[in-house]
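If you're matching them up, the sequences are chains L and P in order. Residues 1 to 131 (the numbering used here) make up the first sequence, in order. Residues 1001 to 1182 (the numbering used here) make up the second sequence, in order. Idealized CB from N, CA, C, for every residue including glycine. Only a predicted model underlies this, so the values are computations on that prediction, with no experimental measurement involved. Below: one structure, written as structure tokens.
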Amino acid sequence: MTKVKSLADLRKMKEGLESKLNLREKSNNPESLVQIRVAMATCGIASGAKTVMEYMIDELEKRNIEAVVTQTGCMGYCYAEPTIEVTLPNQDAVVFGYVNEKKANEIIEKYIKNNELVDGIIPVNYETIKK
Amino acid sequence: MKELSLHIMDIIQNSIVAEASCIEIELIENKAENIYSISIKDNGKGMSAEMLANVTDPYCTSRTTRKVGLGIPLFKQNAERAGGSLAITSELGKGTLLKAVFQHDNLDRPMMGDIAGVIVLTAAANENIRFVYSHKTDKDEYVFDTEEIKEAMDGMSINQPQVIRYLKEMIKENLTEIHYSN
Chain L
1 MTKVKSLADL RKMKEGLESK LNLREKSNNP ESLVQIRVAM ATCGIASGAK TVMEYMIDEL
61 EKRNIEAVVT QTGCMGYCYA EPTIEVTLPN QDAVVFGYVN EKKANEIIEK YIKNNELVDG
121 IIPVNYETIK K
Chain P
1001 MKELSLHIMD IIQNSIVAEA SCIEIELIEN KAENIYSISI KDNGKGMSAE MLANVTDPYC
1061 TSRTTRKVGL GIPLFKQNAE RAGGSLAITS ELGKGTLLKA VFQHDNLDRP MMGDIAGVIV
1121 LTAAANENIR FVYSHKTDKD EYVFDTEEIK EAMDGMSINQ PQVIRYLKEM IKENLTEIHY
1181 SN
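Structure representation (structure tokens):
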């Protein structure tokens, strides 16, 4: 029987990660990273936001793109879930709607890598309910 | 929601919005008493008695971006359909406890799904919050506490693909060890 993974192994793994992460921290400022926020409210979760988030984390790593993937609440675009907000370094955030794995792939390949806009952008000035 | 873990993910978001600094997720499986219970407890800002009374109403929400709040009503519906129930207690300034109980063997009880993924993804995206996930079965208990992870990581962020993957596998393996039911 194989040994169950434990925190001791995590410590070992951490040492390996440290050198890599130092590089990232030296080039510092989070602005230099691609930032992605996945809308994770009832509407988003029900339509597959978790799958999209996992896909983003895995694929960005595979394709060697330095990015931070995190969560946000409902942005009010429930009809277009799952939605993600992508902020490229030194650019305004862009929100994409109806994101599935295929769309996520397109966003990575076209928008994140080449800064080409793709279909499915939700205009930022669109508001459903006045705050 | 197709899976209970997604409901848990959803309810945790409520705790995050309520500015909790510690969120405890407790799963108890008791086959002898035919119970599969899910509790989510936070130390957030809590709810007033009035809000609490209306919280299972789908047209009750604290947010301003939309007019409906379906998270709790959907969870409640799922619990009741599976011969169970959902109850919430809350106190302003102290926090909130949500408890959903299912019949363990009920065919209408949704699957738990990827609970390891839910816990790790949420913890990685909210590193300033402590998450304690405990899972009890008839055989044993497993506890995952982000405080311990933080200590092991010694200041390094857990929001990194390798760490997320590792923690997910760690939880999954431990759940298998305690013979959890999906």
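Residue interval of the beta strand (DSSP E) (run including ASN1014/P): Indexing the second sequence from 1 puts residue 1014/P at position 14. It is not in any beta strand (DSSP E) - ASN1014/P instead sits in the alpha helix (DSSP H) that spans 1004-1017.
C-alpha distance - LEU1121/P paired with GLY120/L, whole-angstrom precision: By one-based count along the second sequence, residue 1121/P stands at place 121. By one-based count along the first sequence, residue 120/L stands at place 120. Roughly 25 Å between the two C-alpha positions.
Segment contact flag, the stretch 1033-1040 of chain P with the stretch 1142-1152 of chain P, C-beta cutoff 8 Å, min 3 pairs: no
Residues near VAL99/L in its chain [Cβ-Cβ closer than 6 Å; skip 5 each side]: Position 99 of the first sequence, counted from the start, is the residue given in the question as residue 99/L. Taken in chain order, the residues that qualify are VAL52, PRO82, ILE84.
Any chain P beta carbon closer than 7 Å to ALA46/L: Taking the first sequence and counting its residues from 1, the one referred to as residue 46/L is at position 46. Taking Cβ atoms only, chain P reaches closer than 7 Å to ALA46/L, which makes this a yes.
Neighbouring residues, chain L, relative to TYR1166/P (Cβ below 8 Å): Position 166 of the second sequence holds residue 1166/P. Correct list: LYS5, ASP9, LEU10, MET13.
Residues of its chain near ARG1109/P, where Cβ-Cβ distance is below 7 Å and the 5 sequence neighbours each way are ignored: Stepping through the second sequence from its first residue, residue 1109/P is reached at position 109. Excluding sequence neighbours, ARG1109/P sits near TYR1036, ALA1082, PHE1102, GLN1103.
Cβ neighbour criterion (16 or more within 10 Å) applied to GLN91/L: The residue given as residue 91/L occupies position 91 in the first sequence. With fewer than 16 Cβ atoms within 10 Å of its Cβ, GLN91/L is classed as exposed.
Delimiting residues of the alpha helix (DSSP H) encompassing LEU1175/P: Numbered from its first residue, the second sequence carries residue 1175/P at position 175. Its alpha helix (DSSP H) spans residues 1161-1177.
Helix, strand or coil at ILE84/L [DSSP, three-state]: The residue you call residue 84/L lines up with position 84 of the first sequence. Strand, per DSSP.
Alpha-carbon spacing of VAL1118/P relative to ASP1138/P, whole angstroms: Sequence index remark: in the second sequence, residue 1118/P carries index 118 (1-based). Sequence index remark: in the second sequence, residue 1138/P carries index 138 (1-based). Cα to Cα, the separation comes out at about 23 Å.
Contact list for ILE134/L against chain P, beta-carbon separation under 7 Å: An answer regarding residue 134/L cannot be provided, because it is not within the stretch 1 to 131 covered by chain L.
TYR77/L, buried or exposed, once every other Cβ within 10 Å from all chains shown has been counted against 16: Numbered from its first residue, the first sequence carries residue 77/L at position 77. Buried.
Simplified DSSP state of ASP1057/P, which is helix, strand or coil: Within the second sequence, numbered from 1, the residue matching residue 1057/P stands at position 57. Looking at ASP1057/P - three-state DSSP - the assignment turns out to be coil, as it is neither helix nor strand.
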